[in-house]
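Notes follow once the structure below has been shown.
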Amino acid sequence: MGQPVASPAIAALRERIARLEGGPARNRATLPFGVPTIDKVLPGGGLALGALHEVAGGRSGAIDGAAAALFAAGIAARTKG
Numbered sequence: 111m112g113q114p115v116a117s118p119a120i121a122a123l124r125e126r127i128a129r130l131e132g133g134p135a136r137n138r139a140t141l142p143f144g145v146p147t148i149d150k151v152l153p154g155g156g157l158a159l160g161a162l163h164e165v166a167g168g169r170s171g172a173i174d175g176a177a178a179a180l181f182a183a184g185i186a187a188r189t190k191g
């Protein structure tokens, strides 16, 4: 899946970052969610593998923390290694 459709401001920032880095953005392996409405807005069509992602609950309650932990566990279960 290619780059998602983004606003002109985001596209301009991506171009500027590519120039600062000295070339086009490298293609990274991604882990798609398999939900088109989510995957189409993520760069590369999924979560970048080999990258750092932050997962946090929305509040300080146990339910929010558990939801974040289960989300992270679900992502980890879908990866190799």
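Under my numbering, the first residue of the sequence shown carries the number 111, and numbering increases by one thereafter. Built from N, CA and C at the ideal position, the CB exists for glycine as well. Note that the structure is predicted; figures quoted are calculated from it, not measured.
Rounded Cβ spacing between residue i and residue j (contact assumed at less than 8 Å)
{"i": "L140", "j": "L159", "result": "Here the sequence assigns Thr to residue 140, which means Leu is not the residue at that position. Rounded, the Cβ-Cβ distance is 6 Å, consistent with contact."}
{"i": "G167", "j": "A177", "result": "6 Å"}
Cβ-based burial, residue i [other Cβ within 10 Å; buried from 16]
{"i": "Q157", "result": "It is worth fixing the name first, because residue 157 is Leu in this sequence and not Gln. By the 10 Å Cβ count, L157 comes out buried."}
{"i": "G154", "result": "buried"}
{"i": "R126", "result": "exposed"}
Identified DSSP bridge partners for residue i
{"i": "A158", "result": "T140"}
Nearest to residue i (by Cα), restricted to the options the options
{"i": "N137", "options": "G144, G171, A128", "result": "A128"}
{"i": "V165", "options": "A179, L152, A172, T147", "result": "A179"}
{"i": "A121", "options": "F143, P146, V151", "result": "V151"}
{"i": "A186", "options": "A119, P142, R124", "result": "P142"}
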